[in-house]
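Sequence order for the protein chains is A and B.
Each residue of the first sequence is one higher than the last, beginning at 3 in our numbering.
Each residue of the second sequence is one higher than the last, beginning at 3 in our numbering.
Built from N, CA and C at the ideal position, the CB exists for glycine as well.
Fair warning: this is a prediction, and the values are worked out from it, not measured in the lab.
2 protein chains.
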Amino acid sequence: MTDGLLHRRATSLADGRELIYFDERPDRVRVLHDSRDLPPVQHTSQTRLDELAGEWVSIASHRQTRTYRPPADACPLCPSTPEKLTEIPSPDYDVVVFENRFPSFAGSGPATRALDPFQPQPGTGRCEVVCFTADHRASMSMLPESRIRTVLEVWTDRTRELGALPGIEQVFCFENRGLEIGVTLEHPHGQIYGYPFVTPVTTHMLAQVARHRHSHGSNLFGDLLQRESTGPRVVAGNEQWIAFVPFAARWPIEVHLYPRRRAPDLPALDDVQRAAFVPVYREVLRRMEGVFDDTLPSITAWHQAPVRTGRADFWLHLRLFSIRRARGKIKYLAGSESAMGAFVNDIAPEAAAQRLREVTV
Amino acid sequence: MTDGLLHRRATSLADGRELIYFDERPDRVRVLHDSRDLPPVQHTSQTRLDELAGEWVSIASHRQTRTYRPPADACPLCPSTPEKLTEIPSPDYDVVVFENRFPSFAGSGPATRALDPFQPQPGTGRCEVVCFTADHRASMSMLPESRIRTVLEVWTDRTRELGALPGIEQVFCFENRGLEIGVTLEHPHGQIYGYPFVTPVTTHMLAQVARHRHSHGSNLFGDLLQRESTGPRVVAGNEQWIAFVPFAARWPIEVHLYPRRRAPDLPALDDVQRAAFVPVYREVLRRMEGVFDDTLPSITAWHQAPVRTGRADFWLHLRLFSIRRARGKIKYLAGSESAMGAFVNDIAPEAAAQRLREVTV
């Protein structure tokens with residue numbers, strides 16, 4: 003089975019979780035049989051409505067026992083060797099996706115609805131891990147452009163597949179990086195969440211977009227893009243994509259990367275947009291990593307339209323941000339941010355954009 | 003000048019910032035003259051509207067140079083000695099409040115409005131520091147009940163005073179504790195923010211409360227309290243106050259403390275409620291600190307009605323939460339929480355409540 007350029011083979015791990023190899027060439031030999039003896043996956047996920055916020059919270063107590071910062075020679079995301087069997091049965095891979103052993107959401111069922119807001123709902127949905135490379139020491143910004151293109155195709159495939167599962171309302175592709183972000187596995191990987199609800203940030207964004215459409219008759223994303231794309235906060239871009247520090251950035255280093263032509267989600271991008279994404283994405287990553295002479299803990303987050311709502315106006319984009327505010331210093335979310343949602347950013351967006359532009363890439 | 007039980011004396015620091023001593027007895031001698039040679043306070047605060055979120059973000063680049071984890075013998079919140087002049091000119095104090103030297107908001111002006119959403123607004127408002135005790139090594143839970151009562155009166159005084167300043171729309175009293183929360187000064191202290199806008203969390207809460215009033219004809223806070231006050235998540239309480247882990251807790255350790263009779267904010271509490279607050283608050287703090295055999299990084303946040311809106315239904319309460327999820331382990335806000343606002347909590351609220359109840363206090 004192939005997905006566009008990719009050669010795609012699915013199998014099941016010993017405990018029944020799905021694993022999918024995405025290979026760049028058809029001649030790769032991949033081990034499909036997981037010879038480990040694994041106990042069944044436990045998941046007790048619930049979603050509960052926080053009525054005062056109008057937001058769903060997931061309760062996933064089985065995650066307390068998840069793998070926590072294993073040494074490199076016990077990495078579960080490296081390929082298997084005869085001496086050490088990992089999550090990936092093969093001795094090598096290009097990009098591989100599998101269901102998370104410690105999922106925040108799992109199992110199928112209807113989308114989450116608050117018939118009785120004081121009753122827990124099953125935490126259905128799907129959580130996947132995406133390994134970008136078999137090389138434990140690599141990072142996204144070091145990968146060749148061909149591999150980044152493969153990862154883009156995998157995100158697209160997963161968005162399409164998870165969005166077609168019953169009860170999944172939104173698909174979120176993201177990457178956490180760095181100890182200060184709480185990453186428990188250092189092997190270069192991302193995650194994909196299929197939520198049984200539309201997330202709070204997306205819900206608020208759609209409400210703002212609808213308000214703007216009502217009062218201005220135009221697309222809020224488009225109006226913002228027009229203003230940002232020639233201003234002092236532009237960081238990088240090409241004919242298809244534009245990257246900028248947003249006017250009201252809330253993180254010390256924050257870049258938003260938009261396709262100039264609207265697409266609601268990754269599957270809606272055309273081939274021209276896909277090809278043009280790769281170099282500008284890699285450039286943005288390298289600029290961000292070059293700002294501080296220090297590791298950059300970061301989050302990379304694809305904002306996509308929900309599966310069933312808001313698709314007419316939503317504008318796909320990637321948000322990249324770091325909590326690093328200076329060498330050796332972190333921006334913490336303390337009382338104002340965590341309790342009141344009021345962000346205080348110590349770096350002016352225009353100054354951040356200038357520093358990003360000055361990095362040699 | 004006195005405020006209820008307290009003896010209150012205001013003065014100005016060398017750079018013009020206000021400082022107020024709140025003393026428990028009238029015979030304390032306090033130094034009112036700050037003999038340091040201080041440069042003027044710099045503040046370049048702006049507020050900017052994040053239109054996609056409908057939320058104000060503060061940009062405060064002068065805060066990059068703020069005092070960062072000084073050694074105990076250079077603590078700016080200890081009383082002054084002949085050898086070392088600190089922010090507090092006196093050789094002793096009970097509770098003292100002063101304007102933050104590195105404020106997120108400062109200066110007076112009209113409340114923030116988005117006439118042109120793409121123009122920065124002045125970051126007016128007020129940020130204060132509240133020192134709970136002159137003892138560098140103390141903590142709120144170790145203080146005598148009389149001192150906790152004094153702190154409650156000070157929060158009340160500051161809510162009233164800041165709420166009367168032009169352009170301040172919401173007053174937020176809070177305490178950050180612990181290195182993992184990003185606390186830069188270990189001396190026991192809290193902060194008070196007078197925001198030039200209603201914060202995002204409060205805005206969303208008021209919208210939910212209004213929706214509930216419209217569809218049920220009742221107060222959402224009151225309905226929640228009724229359900230929580232007899233359930234498996236109760237942690238502590240007395241005739242006036244009730245403390246519980248909320249049904250949809252988003253932090254591993256989270257307790258909400260409500261007055262059983264509604265008050266919109268701290269100044270609206272009566273004397274019976276004030277007196278009854280002190281023991282239950284201290285009990286909750288001690289229970290939280292006893293859950294893990296480890297330091298407890300935490301945030302304590304007073305949710306009050308805004309100055310001018312939503313006062314008819316808002317229900318004052320204190321939220322206490324920690325990011326500690328296990329000994330030596332922290333709950334990080336990674337992609338799902340930081341980018342999508344979708345919290346995943348690794349501890350079931352009922353289990354957390356049971357552990358809190360089991361702590362010997």
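Check residue i in the structure and name its three-state DSSP category.
| i | result |
| --- | --- |
| B/Asp348 | coil |
| B/Asp94 | coil |
| B/Thr88 | coil |
| A/Thr4 | For A/Thr4, the pLDDT reaches just 39, beneath the cut-off of 50, and the residue's location in the model is therefore unreliable, although a value from the coordinates is still provided. Strand, per DSSP. |
| B/Glu21 | For the record, residue 21 of chain B in the displayed sequence is Leu; it is not Glu. DSSP places B/Leu21 in strand when its eight states are reduced to three. |
| A/Asp296 | coil |
| A/Ile255 | strand |
| B/Trp317 | coil |
| B/Ala328 | strand |
| A/Thr126 | coil |
| B/Ala250 | coil |
| B/Pro281 | helix |
| B/Gln356 | helix |
| B/His35 | coil |
| A/Ala12 | strand |
| A/Arg264 | coil |
| B/Pro269 | helix |
| B/Pro143 | Sequence inspection shows Ser at residue 143 of chain B; the Pro mentioned does not correspond to that position. Looking at B/Ser143 - three-state DSSP - the assignment turns out to be helix. |
| A/Ala303 | strand |
| A/Val99 | strand |
| A/Thr49 | strand |
| B/Leu322 | strand |
Is residue i near residue j, with beta carbons less than 8 Å apart?
| i | j | result |
| --- | --- | --- |
| A/His138 | A/Ala212 | no |
| A/Glu230 | A/Phe100 | no |
| A/Val97 | A/Thr152 | yes |
| A/Leu259 | A/His319 | yes |
| B/Cys133 | B/Leu79 | yes |
| B/Val59 | B/Asn102 | no |
| B/Pro1 | B/Cys129 | Since the first residue shown for chain B is 3 and the last is 363, residue 1 of chain B is missing from the structure and cannot be characterised. |
| A/Leu358 | A/Met290 | yes |
| A/Phe249 | A/Arg264 | no |
| A/Ser143 | A/Arg321 | no |
| A/Ser338 | B/Tyr334 | no |
| B/Gly125 | B/Ala62 | yes |
| A/Pro254 | A/Ala140 | no |
| B/Pro299 | B/Leu181 | yes |
What does the Cβ neighbour count give for residue i, buried or exposed, with the cut at 16 atoms within 10 Å?
| i | result |
| --- | --- |
| B/Gly127 | buried |
| A/Glu85 | exposed |
| B/Glu360 | exposed |
| B/Gln228 | exposed |
| A/Ile12 | It should be pointed out that residue 12 of chain A corresponds to Ala in this sequence rather than to Ile. Flag for A/Ala12 reads exposed. |
| B/His35 | exposed |
| A/Asp52 | buried |
| B/Asn240 | exposed |
| B/Gln121 | exposed |
| A/Arg27 | exposed |
| B/Gly330 | exposed |
| B/Arg327 | buried |
| A/Ala166 | exposed |
| B/Ala238 | buried |
| B/Arg38 | exposed |
| B/Ser148 | exposed |
| A/Arg364 | Since the first and last residues shown for chain A are 3 and 363, residue 364 of chain A lies out of range. |
| B/Pro93 | exposed |
| A/Arg252 | buried |
| A/Thr4 | Annotation note: pLDDT 39 at A/Thr4 (below 50); position unreliable, coordinate value reported separately. Exposed is the call here. |
| A/Ala76 | exposed |
| B/Asp267 | buried |
Can you find at least 3 beta carbon pairs, one from the segment 172-189 of chain B and one from the segment 206-225 of chain B, that sit closer than 8 Å? No: fewer than three Cβ pairs fall under 8 Å.
Could you tell me whether the segment 282-293 of chain A touches the segment 236-249 of chain A, where touching means 3 or more Cβ pairs closer than 8 Å? Touching, per the Cβ criterion.
So within the segment 165-247 of chain B, which uninterrupted alpha helix (DSSP H) runs reach at least 4 residues, ignoring any that extend past its ends? Secondary structure within the segment 165-247 of chain B: the alpha helix (DSSP H) runs of 4 or more consecutive residues, fully enclosed, are 202-218, 222-230 (chain order).
Just checking, does the segment 12-32 of chain A make contact with the segment 170-179 of chain B on the three C-beta pairs under 8 Å criterion? No, because fewer than three Cβ pairs between the segment 12-32 of chain A and the segment 170-179 of chain B fall closer than 8 Å, the two stretches do not touch.
The segment 305-318 of chain B touching the segment 305-314 of chain A, judged by at least three CB pairs closer than 8 Å: Contact between the segment 305-318 of chain B and the segment 305-314 of chain A is absent, because fewer than three Cβ pairs lie under 8 Å.
Does the pairing of the segment 198-206 of chain B with the segment 344-354 of chain B give three or more beta-carbon distances under 8 Å? When Cβ pairs closer than 8 Å are counted between the two stretches, the segment 198-206 of chain B is seen not to touch the segment 344-354 of chain B, the count staying below three.
Using a Cβ-Cβ cutoff of 9 Å, what residues of the segment 190-216 of chain A are near chain C? List them in chain order. Although the question refers to chain C, the structure presented lacks it and instead comprises the protein chains A and B.
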